[in-house]
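Enquirer: Below: one structure in structure tokens.
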């Protein structure tokens, strides 16, 4: 579970060209986007047009009721290495402080292939993956703002996934507030979500630029719009093409209480394009929405994946990972 979102949208337009005029060109832009710095307002967006997922279409099972390396904590964010056909899921470590996280690699049957720990990281709402040859580099939050409990990350970490290894971490955007990320494995972009002046903003970059430490030229930068007329519990996000997708809702024991919604946001305008209730996995015991991800199958089908945590019974200590997907794209 993550933070409660406010209902007031921030949609004021802000031209990057005007930012350059007002702030003295590239130096001003770099100062705003540098380590720990924030924008004063949204920048213009230049994400190429693309199709979007039809959120009203049915969802399909990938796998259900799989235990991760750390079995006592619910899954959080997940991401795909599309190039090397791998899935990575993050959750809290058994016996940790709550912000000690574990990344588990699984295959498409949900079977564990390996794991890696990153201590004092944060909550794990969303992660990203960058393939480099046959290696997978994990992007995720680090340097929790509260190392004694379930804090939130203050920087982004990038490290090579090595089963059982100790991460050799490179850090970016240190000094941030509640920072996470998500990757588009098809278009090779990364979205960064963090608080700026007390509000949640998204910034989108070419993945290669981010890996090189260059966060000076975002393709998009916009405030998170209101997702509902009432506060919602934010549970993850991902990006594909022109659109950003979010997942919100709470855990429930009764399928009649399902309140999990997927929302599609146009990153070029920062406005909501569509929003729909999802009942994927409605028969799961204490089903809780947890994370979104993008994958293109070997047959060329592009999919929007939704994660849900569950149990085998209400008093069972183990927590299970479940993945479902939508696969219909529309203009």
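In UniProt numbering, the protein residues as written are 1 to 331. Using N, Cα and C, we set each Cβ at its ideal position, and we do this for glycine too. Everything numeric in this text was worked out from a predicted model, so none of it was measured.
Taking the Cβ atom as the reference point for each residue, do residue 125 and residue 185 lie within a distance shorter than 8 Å?
Expert: Working through the chain shown from its first residue, we reach residue 125 at position 125. Working through the chain shown from its first residue, we reach residue 185 at position 185. No, the pair does not count as a contact, with Cβ atoms beyond the cut-off.
Enquirer: Put residue 61 into one of helix, strand or coil per three-state DSSP.
Expert: Sequence index remark: in the chain shown, residue 61 carries index 61 (1-based). Correct three-state label for residue 61: strand.
Enquirer: Sorted by chain position, which residues of the same chain lie with C-beta nearer than 6 Å to residue 94's C-beta, five sequence neighbours on each side aside?
Expert: Taking the chain shown and counting its residues from 1, the one referred to as residue 94 is at position 94. For residue 94, where only same-chain residues beyond five positions count, the Cβ hits under 6 Å are 70, 72.
Enquirer: Just to confirm the assignment, what range does the beta strand (DSSP E) spanning residue 277 have?
Expert: Numbered from 1 along the chain shown, position 277 holds the residue referred to as residue 277. Counting along the chain, the beta strand (DSSP E) containing residue 277 begins and ends at 271–277.
Enquirer: Quick one: what does DSSP say residue 260 is sitting in, helix, strand or coil?
Expert: Along the chain shown, read from residue 1 onward, the residue named residue 260 stands at position 260. It is coil, neither helix nor strand.
Enquirer: Find the nearest neighbour of residue 109 within the set 77, 294, 54, 62, judged by alpha-carbon distance.
Expert: On the chain shown, residue 109 is found 109 positions in, with the first residue counted as 1. Between residue 109 and the set 77, 294, 54, 62, the nearest pair of CA atoms involves 62.
Enquirer: Mind checking whether residue 278 and residue 144 have CB atoms under 8 Å apart?
Expert: Taking the chain shown and counting its residues from 1, one reaches residue 278 at position 278. Taking the chain shown and counting its residues from 1, one reaches residue 144 at position 144. No. Outside cutoff.
Enquirer: For residue 330, collect the residues of the same chain with a Cβ closer than 8 Å to its Cβ; drop the 5 residues on either side in sequence, then sort them by chain order.
Expert: Locating residue 330 in the chain shown gives position 330, where the first residue counts as 1. Taken in chain order, the residues that qualify are 51, 52, 53, 54.
Enquirer: Starting from residue 316, follow its DSSP beta bridges and name the residues at the other end.
Expert: Position 316 of the chain shown, counted from the start, is the residue given in the question as residue 316. DSSP lists no partner for residue 316.
Enquirer: Over what stretch of residues does the alpha helix (DSSP H) that includes residue 208 continue unbroken?
Expert: Start at 1 with the first residue of the chain shown, and residue 208 comes out as number 208. It spans 207–211 - the alpha helix (DSSP H) in which residue 208 sits, taken as one unbroken run.
Enquirer: When you compare the CB positions of residue 154 and residue 180, do they come within less than 8 Å of one another, or not?
Expert: In the chain shown, residue 154 corresponds to position 154, counting from 1. In the chain shown, residue 180 corresponds to position 180, counting from 1. Not closer than 8 Å, so no.
Enquirer: Three or more beta-carbon pairs under 8 Å between the segment 111–127 and the segment 156–168, yes or no?
Expert: yes
Enquirer: Confirm, please, whether the CB-CB distance from residue 156 to residue 104 is below 8 Å.
Expert: Numbered from 1 along the chain shown, position 104 holds the residue referred to as residue 104. Numbered from 1 along the chain shown, position 156 holds the residue referred to as residue 156. It is not a contact, given that the beta carbons lie outside the stated cut-off.
Enquirer: Does the pairing of the segment 308–318 with the segment 191–204 give three or more beta-carbon distances under 8 Å?
Expert: no
Enquirer: Could you say if the segment 286–294 and the segment 245–256 meet the contact criterion of at least three C-beta pairs nearer than 8 Å?
Expert: yes
Enquirer: Could you spell out the range, first to last residue, of the beta strand (DSSP E) harbouring residue 282?
Expert: Mapped onto the chain shown, residue 282 falls at position 282. Where residue 282 is concerned, there is no enclosing beta strand (DSSP E), given that its DSSP letter is neither H nor E.
Enquirer: What separation, rounded to the nearest whole angstrom, lies between the Cα atoms of residue 305 and residue 238?
Expert: As a position in the chain shown, residue 305 is number 305, starting the count at 1. As a position in the chain shown, residue 238 is number 238, starting the count at 1. The straight-line gap from Cα to Cα measures roughly 9 Å.
Enquirer: Assuming residue 97 and residue 148 are in contact, meaning their beta carbons sit under 8 Å apart, how far apart are those beta carbons, in whole angstroms?
Expert: Sequence index remark: in the chain shown, residue 97 carries index 97 (1-based). Sequence index remark: in the chain shown, residue 148 carries index 148 (1-based). The pair is a contact, with the Cβ atoms about 6 Å apart (cut-off 8 Å).
Enquirer: Can you tell me where the beta strand (DSSP E) holding residue 242 begins and where it ends?
Expert: Position 242 of the chain shown, counting from 1, holds the residue named residue 242. Where residue 242 is concerned, there is no enclosing beta strand (DSSP E), given that its DSSP letter is neither H nor E.
Enquirer: Rounded to whole angstroms, what is the Cα-Cα separation between residue 218 and residue 316?
Expert: The sequence position of residue 218 within the chain shown is 218, counting from 1. The sequence position of residue 316 within the chain shown is 316, counting from 1. When the Cα atoms are used, residue 218 and residue 316 turn out to be separated by approximately 45 Å.
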